[in-house]
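This report concerns only the one structure given below.
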Amino acid sequence: MRLVVVTGMHRSGTSLVTRVLNLLGVELGPESAMMAATADNPRGYWEAEVLTDLNNDIIEYLGGRWHRLPAFPDGWEDAPELEPFRRRARAAVDELFGDADIGGFKDPRTSLLLPFWRTVRDVDHSVLVVRDPDEVIGSVVTRDGFDAEKAASLWTDHTVAGYVHDPERLVVVYEELLAEPVAGARAIADALGLPAPDQAVLDEIASFADPTLRRQRDHRAEDGPEVRAARDVHRLLVSGREDGQDIGGLLGLLWRQRNQGRLREVELRQQGDELRIHQRDLRTALRERDQVREQLAQRSRDLNKRTNELAQAKRQAERWQDEYDRLANRRVVKLALSAVEPLRPVVRKARELTGGDPTGGRGGGPLSTVASKLTEKKAEPHVPATAAEAEALQAKLEETAPGSERTNGPLVSVLVLNRDGADHLRRMLPGLARTTYRDLELVVVDNGSSDESVELIRGFDIGAPVTIIENEENATFSHGNNQAFAAAKGEYVLLLNNDIEPAVPGWLGHMVDTLEERDAAAVGARLIYPRRPGLDNAGDTVHPDLSLQHRGVHFDGGVDGVPRG
56 MRLVVVTGMH RSGTSLVTRV LNLLGVELGP ESAMMAATAD NPRGYWEAEV LTDLNNDIIE
116 YLGGRWHRLP AFPDGWEDAP ELEPFRRRAR AAVDELFGDA DIGGFKDPRT SLLLPFWRTV
176 RDVDHSVLVV RDPDEVIGSV VTRDGFDAEK AASLWTDHTV AGYVHDPERL VVVYEELLAE
236 PVAGARAIAD ALGLPAPDQA VLDEIASFAD PTLRRQRDHR AEDGPEVRAA RDVHRLLVSG
296 REDGQDIGGL LGLLWRQRNQ GRLREVELRQ QGDELRIHQR DLRTALRERD QVREQLAQRS
356 RDLNKRTNEL AQAKRQAERW QDEYDRLANR RVVKLALSAV EPLRPVVRKA RELTGGDPTG
416 GRGGGPLSTV ASKLTEKKAE PHVPATAAEA EALQAKLEET APGSERTNGP LVSVLVLNRD
476 GADHLRRMLP GLARTTYRDL ELVVVDNGSS DESVELIRGF DIGAPVTIIE NEENATFSHG
536 NNQAFAAAKG EYVLLLNNDI EPAVPGWLGH MVDTLEERDA AAVGARLIYP RRPGLDNAGD
596 TVHPDLSLQH RGVHFDGGVD GVPRG
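Note that our numbering gives residue 344 to position 289 of the sequence shown, counting from 1, and the numbers run on in steps of one.
Following this line, the structure appears as structure tokens:
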């Protein structure tokens, strides 16, 4: 079967030419397959809807519409992605034309898609219909509402494509066919190798070609670049056909240039799409950034709130701790008073016997001896006057004072409270360094010292871990000790005044031994005055008014006066 296709711009007379071909013997398919006539084309389109739909689908797949052409890159027609369309095209041709010797179809889109149709089957002839672009522009503007420039651009693209896609195309000028339909029909039949039409066929063709349907005869489009280009192409086609000029090369160059422009438009659209995607992603990223910032700001506000709550809780805890210390001290006093409560009857009895003076007054009495013992003034102790005497005192202490060779055991936390005590620390720290018991740590709470106390502690190596807690102001005695207790890690805790100088290396081991060997909850060391060899106190004394006070008993001075136990 031979195949004929009709190409050209919409509203250019392709329906008229297709009907002439049909009357000359070209099979178009069953009447039921034809597109129905409309007011725009009352004598019918003579167009198979299945093929028009197929061409529409291909153009849309390529990214265009009938009025907005896609770009056609080199070799586009052979793309494997078009294979489904090829199968549809073969099936449609077989169904439309069956066993006909020659079949044909028209669709203005075929002007653009002729390379595709050549991959489906051989196209034996193409008939390009050319109509004055001013008339076509007027018809398209009236029907579709496009502006003249767009309509002119469509005319140029469809007409030039139909020309360059088939070097052997047959050009039919619409105005000439409409003016002389019989002569035009004979010329078409002769050019396509169709049987010469008889008079009945020619009469029907003449009847079908109605000049009154040329309603845009006098239309003149508004001048513009695309309108002028369309007119130039029209003049080339008409003059070239008449003069035998070869204008294929020139129109081929024009087609490639216009197609390159569409390719560039596609690239620009793609770049624009990518840019819009990037802009969208950027807006999304900015929103996410703002959300993260707000989350961080909220977390910062929450953290500040928690910090303030923690500070308030800490202050409340300190107030509770101070209150606890106050109540604990009251408890100690109450316990002390309860301890001397049994003595109250004795005191009352003494007052009765002495007339109100439990010591017996000037004349003495039963308790006068006890009172004199409690109140007697001891002789001033001996003060070492020379370095030799001081060295002898230290030697005697090391010889007679209790000590221990123990070097390790439970961790002991030595707690020291200090304020401006650098001079005391210079004596205390070396003593700690000489201590033989080494499982210890030193925790110092410095209450806002203005001297070099902190630097001195940091710079002195006692051979054990040292923790320094620096308060900006002079905290209370109980608060400072509580800070030290909180930082202590040891099993045992030793409260050590900063003006204490350990006398012998084994002092701490002896205290640990005492705690572990005896049923004791706490132990204390004997405090000896370095300039007045004697004990700081010998326990507590209950005075006649039931007050408690260290018993100020000083042993005999001199080296020999230092007690052993």
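Positions of the beta carbon are idealized from the N, C-alpha and C atoms, including for glycine.
Given the structure is predicted, the values throughout are model-derived calculations rather than measurements.
Does the distance from the CB of residue i to the CB of residue j come in under 7 Å?
i: A477; j: D516; result: no
i: G464; j: D501; result: no
i: A146; j: V105; result: no
i: A144; j: M56; result: no
i: A519; j: S468; result: no
i: T522; j: V498; result: yes
i: V60; j: V178; result: yes
i: V215; j: L306; result: yes
i: L233; j: P266; result: yes
i: V184; j: G80; result: no
i: I260; j: L78; result: yes
i: V219; j: W310; result: yes
i: V237; j: L268; result: no
i: T107; j: D149; result: no
i: P560; j: R513; result: no
What is the C-beta distance between residue i and residue j, in whole angstroms, given that I count them as a contact (C-beta under 8 Å)?
i: A103; j: F160; result: 5 Å
i: R164; j: W101; result: That pair is no contact at about 15 Å.
i: N536; j: L466; result: Not quite, the Cβ-Cβ distance comes to about 19 Å (not below 8 Å), so this is no contact.
i: T211; j: A285; result: 5 Å
i: H65; j: V195; result: 7 Å
i: E230; j: D287; result: The pair is not a contact, with the Cβ atoms about 18 Å apart (cut-off 8 Å).
i: I113; j: F171; result: 6 Å
i: L124; j: R317; result: 6 Å
Here's the rule: buried if 16 or more other CB atoms are within 10 angstroms of the residue's CB, otherwise exposed. What is residue i?
i: G153; result: exposed
i: L71; result: buried
i: R335; result: exposed
i: S208; result: buried
i: E255; result: First, the amino acid is wrong: residue 255 is Ala here, not Glu. Classification for A255: exposed.
i: L109; result: buried
i: Q538; result: buried
i: I348; result: Note that residue 348 corresponds to Arg in the displayed sequence, not to Ile. Under this definition R348 is an exposed residue.
i: G416; result: Low per-residue confidence applies at G416: pLDDT is 42, beneath 50, and the placement is therefore not dependable enough to give any value.
i: K433; result: Residue confidence is low: K433 scores 42 on pLDDT, short of 50, so the model does not pin down where it sits. Its coordinate-derived value is still stated next. With fewer than 16 Cβ atoms within 10 Å of its Cβ, K433 is classed as exposed.
i: L252; result: Reading off the sequence, residue 252 comes out as Pro, not Leu. Label assigned to P252: buried.
i: T62; result: buried
i: L83; result: buried
i: G217; result: buried
i: T73; result: buried
i: G200; result: exposed
i: H213; result: buried
By alpha-carbon positions, which one of the options ends up nearest to residue i?
i: L247; options: L76, P485, R272; result: L76
i: G564; options: Y547, V226, A88; result: Y547
i: E496; options: G545, L480, L484, A276; result: G545
i: Q315; options: Y229, Q271, A126; result: A126
i: L484; options: N553, A530, L169, S166; result: N553
i: S262; options: G80, R98, A576; result: R98
i: G304; options: P222, R354, Y229, Q346; result: P222
i: L470; options: R348, I555, R489; result: I555
i: D475; options: E528, N363, E329; result: E528
i: R224; options: L169, M90, T569; result: L169
i: E190; options: E115, I157, D273; result: D273
i: V567; options: D129, K205, G579; result: G579
i: A276; options: E204, L480, Q371, Q376; result: E204
i: S504; options: T490, H479, G118; result: H479
i: V227; options: R270, G193, K360, H180; result: H180
i: N96; options: E460, R270, Q325, H534; result: R270
i: D377; options: P250, T531, Y492, L582; result: T531
Identify the residues that DSSP records as bridge partners of residue i: which are they?
i: T93; result: N96
i: V523; result: Before going further, note that residue 523 is Ile rather than Val in the sequence given. Looking at the DSSP assignment, I523 forms a beta bridge with V499.
i: N473; result: D501
i: T62; result: L183
i: A103; result: M89
i: V228; result: V185
i: R143; result: R143 is not bridged to any residue.
i: K161; result: V61
i: S468; result: E496, V548
i: E235; result: Partner(s): none; E235 has no beta bridge.
i: R120; result: R123
i: E82; result: G158
Is residue i near the ligand NAP, with its Cβ less than 6 Å from a heavy atom?
i: L358; result: Judged by which ligands are present, the structure shown has none, so any question about the ligand NAP falls away.
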